[in-house]
Each structure stands twice: as C-alpha cells, then as structure tokens.
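2 is the number of the first residue of the sequence shown in this note's numbering; add one for each residue after it.
Read through the structure below, which is laid out as structure tokens, and then see the notes.
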Amino acid sequence: MIIILELHMKTVINIKADKAVKQQAQEVARELGLPLSTVINAYLKEFIRGRQVYLSAAPRMTPALEAILGRVEADIKTGRNISPKFASAKAMDDYLDEV
C-alpha cells in the first residue's frame with residue numbers, strides 16, 4: 002500500500018502599500034476575475050523564475066504606439082510631414098495658406 006500525502010503550505014506576507022494602490026489593484030484583479038493574492042503570487046513566481054525586477058516611472062508603450070513613433074522617426078529622418086521654422090507669425094500664416 003502506497004500513501005501519497007501532498008501538502009500545499011501557505012504563508013502570509015505582510016507588506017505596506019498605499020491604500021489607493023491596494024484598492025486599485027484589487028479593482029483590476031476583480032475585473033480580471035482574480036483575487037489579488039493570485040496576482041501577487043504570479044508576480045512572485047515570475048520574480049523567482051526571471052530573477053529580475055522591472056520598475057518604471059513611465060508606463061510601457063503599446064506595440065501600436067511604438068509603430069506610430071517608428072513612422073514619426075522615419076518622417077523626421079526624411080524631412081517628410083515636417084514644417085519649416087518661422088521667423089514670424091505672418092510667415093507661418095503665409096506658409097499655412099499655401100499648404
């Protein structure tokens with residue numbers, strides 16, 4: 002006779018977080034149909050697996066925004082869709098009247 006006993010031990014981690022951050026995180030998790038603890042566990046597992054932390058003050062760009070910026074950079078390099086510098090408001094008005 003073989004008996005296999007598998008225990009899934011849980012532990013509690015207490016962290017300090019801004020109240021607003023916690024509430025917003027809970028709301029997003031709820032929208033995704035997940036408890037916040039599941040989201041945090043997933044982040045911890047990814048931290049262990051990847052052995053890295055990604056922190057950013059600015060939001061990441063979406064692939065669509067990166068594509069738009071790529072086209073803008075190409076336009077800048079080729080001088081396409083770029084207006085000239087103007088010495089006066091009248092010069093700008095004259096240029097825009099011609100366009």
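Even for Gly, the Cβ is constructed at its ideal location relative to N, Cα and C.
In the DSSP assignment, find the unbroken alpha helix (DSSP H) run with residue i in it and report its ends.
i   : result
L37 : 37 to 51
A88 : Note, A88: premise wrong, no alpha helix (DSSP H); not H, not E.
A26 : 20 to 32
Look at the Cβ atom of residue i, then the Cβ atom of residue j, and state whether they are nearer than 9 Å.
i   : j   : result
I83 : I77 : yes
L37 : K23 : yes
Can you name, in chain order, every residue of its own chain whose Cβ lies under 6 Å from the Cβ of residue i, other than the five neighbours on each side?
i   : result
V40 : A30
Does residue i get closer than 9 Å to chain D when you measure Cβ to Cβ?
i   : result
A58 : As a matter of chain content, chain D is missing from the structure shown, which is built from one protein chain.
Who are the Cβ neighbours of residue i in its own chain at under 8 Å, not counting the five residues just before and after it?
i   : result
V54 : F48
For residue i, which of helix, strand or coil comes out of DSSP?
i    : result
M175 : Residue numbering for the chain in the displayed model covers 2 to 100; residue 175 lies beyond these limits and cannot be assessed.
L56  : coil
M93  : helix
Jot down the residue ranges of each uninterrupted alpha helix (DSSP H) in the stretch 58 to 82, minimum 4 residues, whole runs only, in chain order.
64 to 79
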